[in-house]
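Position 309 (the sequence shown) corresponds to 338 in the working numbering; numbering is contiguous. Input: a single structure, listed below in structure tokens.
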Amino acid sequence: MNESIVELDQKYIWHPFTQERTAPPPLPVARALGASLFLEDGREILDMACSWWVNVHGHSHPKIASALAHQAATLEHVIFAGFTHEPAARLAEALIKALPRPLSRVFYSDNGSTAVEVALKMAWQYWRNTSTTNRRMFLAMQGGYHGDTFGAMAVGRTSGYYAPFNDLLCEVTHLPFAPTWLGDTACEEREALALARIDEVLDRHGHEVAAFLAEPLVQGASGMNMCRPEFLRAVVERMQARSIPVILDEVMTGFGRTGTMFALEQAQVVPDLLCLSKGISGGFLPLAATVASQRIYNAFLGDDFHTAFAHGHSFTANPLGCAAGVASIKLFDEEGTLERIARITQSNRAWLAEVANLPGVTRPRALGSIAAVTLGTDVSDYHAEIGAAVKAKCFARGLLIRPMGNVVYLMPPACVSPEELKRAQDGLTDVLRETAHLYTR
Ligand SMILES: *Cc1c(COP(=O)(O)O)cnc(C)c1O
30 MNESIVELDQ KYIWHPFTQE RTAPPPLPVA RALGASLFLE DGREILDMAC
80 SWWVNVHGHS HPKIASALAH QAATLEHVIF AGFTHEPAAR LAEALIKALP
130 RPLSRVFYSD NGSTAVEVAL KMAWQYWRNT STTNRRMFLA MQGGYHGDTF
180 GAMAVGRTSG YYAPFNDLLC EVTHLPFAPT WLGDTACEER EALALARIDE
230 VLDRHGHEVA AFLAEPLVQG ASGMNMCRPE FLRAVVERMQ ARSIPVILDE
280 VMTGFGRTGT MFALEQAQVV PDLLCLSKGI SGGFLPLAAT VASQRIYNAF
330 LGDDFHTAFA HGHSFTANPL GCAAGVASIK LFDEEGTLER IARITQSNRA
380 WLAEVANLPG VTRPRALGSI AAVTLGTDVS DYHAEIGAAV KAKCFARGLL
430 IRPMGNVVYL MPPACVSPEE LKRAQDGLTD VLRETAHLYT R
């Protein structure tokens, strides 16, 4: 009866994205506040990964916590077909007011993968509802990551995580991505090459395409690869010139992560479908939204169920998640969240300028609260072992940093203090110095 939490975990739990045989035992977390996690054994760890990119304002924010407590005691959950409630309506209003027209309808689900799955299904059925052309092809960007359900795996197949499932995935053509970084001088040539290739694909297959999907400005899981807003805009304009529905996956980039509320603002593009999750509830609860344009929504209106969108989840629009979402969006004004993030960007750029001089450190890049470098080569490699060494050494210094192979990044919550951020930057600089022999030769 007196088994420790770790003993119970090791006996009964199967962890995500983990090789259970070789992974060290998981660390029990007792509580969290602001940018800090407090472990059972009393250690304090700075969360520089926003706990898998979901946290926005900091952990256990008292305003979100009290909105949740109030909601839990009022209405914890209710079926969302045929019923509605205040948190869902208020959150939808706040989202639509923060987004450009013609994005106008919010469809709720519960995680980033389902937000993407819903968008793909909406785009697919859009064509079946409105025309007799049998469009079957999805276009996505090389390196894009969109979640782990089947449709999301298909569009994200080049992220390199899904080899065992390849035979099951639907038809997707991947388009070249044109990355850029601080001090990059050749990005316009890279973009021109990518756009020429995209034009070729569109000339040949444009009429077969059901939708185009991309992570705007930052490809997260494939290595925090960033592109210029001009590149994203050029790609989106090409799709829209051919009436191909555009899906932007802002599951990671939404809610301030790139310095604006949504990344699409910087590229000045408006998609037909927008996927949101992760930061939507401030990082408190699983919740997601797929926001549709009026054109997409109208295509599902009809006199019988055939043209309706036959999709829903048990916990669609959970009132607790929506209440957390409303409270989180209010905090952007109350706490000047975007100004806080602008200060993080400034500090990170100055830090990267130094780090970029270390041997083997390539492609320094920063946007919003994200700062990243690639180690050893300039190509992201999720299977590179250097990440584990950097992670362990950072952890010993009280920093939660979760490299993706040879890509190392900082992503603090907006509440991080200048001192905390400096501690993380200096700690990571020291660790890169100590581990340089592992990735330079
Ligand atoms: C994390 C992520 C997803 C998947 O979200 P889950 O909530 O993990 O299912 C989809 N797209 C992007 C861009 C992501 O970063």
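We put the beta carbon where it would ideally sit given N, CA and C, even for glycine.
Straight-line gap, VAL107 to TRP380 (C-alpha atoms, nearest Å): Their Cα atoms are separated by approximately 48 Å.
Excluding five sequence neighbours on each side, which residues of the same chain lie with their C-beta closer than 8 Å to the C-beta of ARG72? Excluding sequence neighbours, ARG72 sits near GLY427.
Give a yes or no on whether the C-beta atoms belonging to THR469 and GLY397 are separated by under 7 Å. No, Cβ-Cβ distance for THR469 and GLY397 is not below 7 Å.
Assign TYR155 to buried or exposed, taking buried as 16 or more other Cβ atoms, counted over all protein chains shown, within 10 Å of its Cβ. Residue burial annotation: TYR155 is buried, with at least 16 other C-beta atoms found within 10 angstroms of its C-beta.
Inter-stretch contact (C-beta, 8 Å, three-pair minimum) for the stretch 298 to 311 and the stretch 319 to 327: Enough Cβ pairs lie closer than 8 Å, so yes.
Which residue's Cα is closest to the Cα of PHE329: CYS423, GLU463 and SER160? When C-alpha distances from PHE329 are compared across CYS423, GLU463 and SER160, the shortest belongs to SER160.
State yes or no: is the C-beta of SER33 nearer than 6 Å to some heavy atom of ligand 1? Every heavy atom of ligand 1 is 6 Å or more from the Cβ of SER33, so no.
Have a look at ALA418 and ALA152 and give me their C-alpha separation to the nearest angstrom. One C-alpha to the other measures close to 43 Å.
Let me check you understand the geometry: is the CB of ASP278 closer than 6 Å to at least one non-hydrogen atom of ligand 1? Distances from the CB of ASP278 to the heavy atoms of ligand 1 include at least one below 6 Å.
Candidates VAL320, TYR438, ILE399 and GLU364: which alpha carbon is nearest LEU132's? Comparing Cα positions, the closest option is VAL320.
To the nearest angstrom, report how far apart GLU36 and ALA117 are at their CA atoms. Looking at the two C-alpha atoms, the distance is approximately 39 Å.
Can you give me the C-alpha to C-alpha distance between THR202 and GLU244, rounded to a whole angstrom? Each residue's Cα considered, the two are about 15 Å apart.
Span separating the alpha-carbon of PHE260 from that of PHE136: Between PHE260 and PHE136, the alpha-carbon positions lie close to 29 Å from each other.
CB LEU224 to CB ALA263, shorter than 7 Å? Yes; because the gap between Cβ atoms is below 7 Å, this pair is in contact.
Look at HIS86 and CYS351 and say whether their C-beta atoms are less than 7 Å apart. Contact: no.
Considering only C-alpha positions, which residue in the set ARG60, ALA382, GLN454 and GLY111 is nearest to LEU211? Of ARG60, ALA382, GLN454 and GLY111, the residue nearest in Cα terms is ALA382.
Determine, using beta carbons only, whether ALA96 and ALA356 come nearer to each other than 7 Å. Yes, they are a contact pair.
From VAL384 to ARG267, what does the alpha carbon distance come to, in whole angstroms? Cα-Cα distance, rounded: 37 Å.
How far does the alpha helix (DSSP H) with PHE424 in it extend, from its first residue to its last? Its alpha helix (DSSP H) spans residues 415 to 425.
So, does the stretch 78 to 94 touch the stretch 355 to 375, judging by three or more C-beta pairs under 8 Å? In short, these stretches touch, since the Cβ pair count reaches three.
Is any heavy atom of ligand 1 found at a distance shorter than 6 Å from the C-beta of SER306? Checking every heavy atom of ligand 1 against the Cβ of SER306, one is found closer than 6 Å.
Only counting the same chain, and skipping five residues up and downstream in sequence, which positions put a Cβ closer than 8 Å to that of LYS40? A distance below 8 Å between beta-carbons, with the five flanking residues on each side excluded, links LYS40 to the following residues of its chain, in chain order: GLU32.
Answer yes or no: the CB of GLY312 versus the heavy atoms of ligand 1, is any distance below 6 Å? No, ligand 1 has no heavy atom inside 6 Å of this Cβ.
Drop a sphere of 10 angstroms on the beta-carbon of ARG165, count the other beta-carbons inside from all chains shown, and report buried for 16 or more, exposed for fewer. Label assigned to ARG165: exposed.
Return the first residue and the last residue of the alpha helix (DSSP H) that PRO348 is part of. 348 to 363 is the span of the alpha helix (DSSP H), which, as asked, contains PRO348.
Locate the alpha helix (DSSP H) running through LEU461, then write down its first and last residues. Judged by DSSP secondary structure, LEU461 falls within the alpha helix (DSSP H) whose first and last residues are 447 to 468.
Selection from VAL58, ALA78 and ARG50 that minimises the alpha carbon distance to ILE34: Closest in C-alpha terms to ILE34, from the list VAL58, ALA78 and ARG50, comes VAL58.
Mapping DSSP to helix, strand and coil, what is PHE334? In the three-state reduction of the DSSP assignment, PHE334 falls in the helix class.
Considering only residues of the same chain and omitting the five flanking positions on each side of PHE344, which have a CB-CB separation below 6 Å? Counting only Cβ-Cβ distances below 6 Å, and skipping sequence neighbours, we find ASP139.
For the beta strand (DSSP E) containing PHE179, name the first residue and the last one. From DSSP, PHE179 is part of no beta strand (DSSP E) but of the alpha helix (DSSP H) over 179 to 184.
Could you check whether the Cβ of MET170 sits closer than 6 Å to any heavy atom belonging to ligand 1? At a cut-off of 6 Å, the beta-carbon of MET170 does not count as near ligand 1: no heavy atom of the ligand is closer than that.
Sub-7 Å separation of GLY172 and GLN248 beta-carbons: Yes, the pair counts as a contact, with Cβ atoms nearer than the cut-off.
Exposed or buried, what is THR12 when buried is set at 16 or more other beta-carbons lying within 10 Å of its beta-carbon? Outside the shown range of the chain, which is 30 to 470, sits residue 12, and nothing can be said about it.
Between the stretch 363 to 375 and the stretch 283 to 292, do at least 3 Cβ pairs fall closer than 8 Å? Contact annotation: the stretch 363 to 375 touches the stretch 283 to 292, with at least three C-beta pairs closer than 8 Å.
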